[in-house]
Amino acid sequence: MKVGVPTEIKEEEYRVALTAVGARELAEHGHEVLIQKGAGEGSAISDLDYEAQGARIVPDAEAVWGEADMILKVKEPQQVEVGMLRAETTLFTYLHLAPAPDLTSGLCGTGATCIAYETVEDASGRLPLLAPMCYIS
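Under numbering that gives the first Met the number 0, the residues of the sequence shown are numbered 0 to 136, in order.
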């Protein structure tokens with residue numbers, strides 16, 4: 000599977016959805032990891048860090064969205080990103096769709112599989128991907 004990480008474009012968002020170590024883990028398990036050039040800079044992760052762990056740096060968002068089978072993001076896709084989402088793609092990110100009916104409609108219209116971090120439950124019914132958010136201040 001090709002796993003892609005685009006640069007976050009939402010205003011004031013500097014995080015990246017995958018660390019260099021995460022890229023290594025995916026690569027070691029047979030996945031190809033595509034990182035948009037500069038995607039990790041806001042989190043102090045260089046393109047060289049990603050490359051050293053087996054990721055391939057691609058020049059722009061279009062390359063990530065056009066090539067990846069799965070897209071990893073931090074925040075909900077912005078309108079231009081929804082337009083790049085393909086039916087055969089899986090999007091994995093925080094979506095927070097309740098206050099965003101236009102985004103919900105747009106995502107549904109793409110035919111893509113969209114998984115919201117905030118809805119992933121473990122076997123005990125807990126929301127493990129929300130737990131780290133309570134520690135961020």
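Ideal placement from N, C-alpha and C gives every residue a C-beta, glycine not left out. Please read these numbers as outputs of a predicted model, since none were measured by experiment.
Specify the secondary structure class of residue i as computed by DSSP and reduced to three states.
i      : result
ALA19  : helix
THR92  : strand
GLU66  : helix
GLY105 : helix
VAL79  : helix
SER136 : Note that SER136 scores 46 on pLDDT, short of 50, meaning its location in the model is unreliable and no value can be drawn from it.
THR118 : helix
GLY110 : coil
Using the Cβ count rule (16 or more neighbours within 10 Å means buried), how would you classify residue i?
i      : result
GLU7   : buried
TYR116 : buried
VAL63  : buried
What span of residues does the beta strand (DSSP E) with residue i cover, start to end?
i     : result
GLU31 : 31-35
Looking at residue j and residue i, is the spacing between their C-beta atoms short of 9 Å?
i     : j     : result
LEU33 : ALA54 : yes
GLY29 : LEU71 : no
SER42 : VAL79 : no
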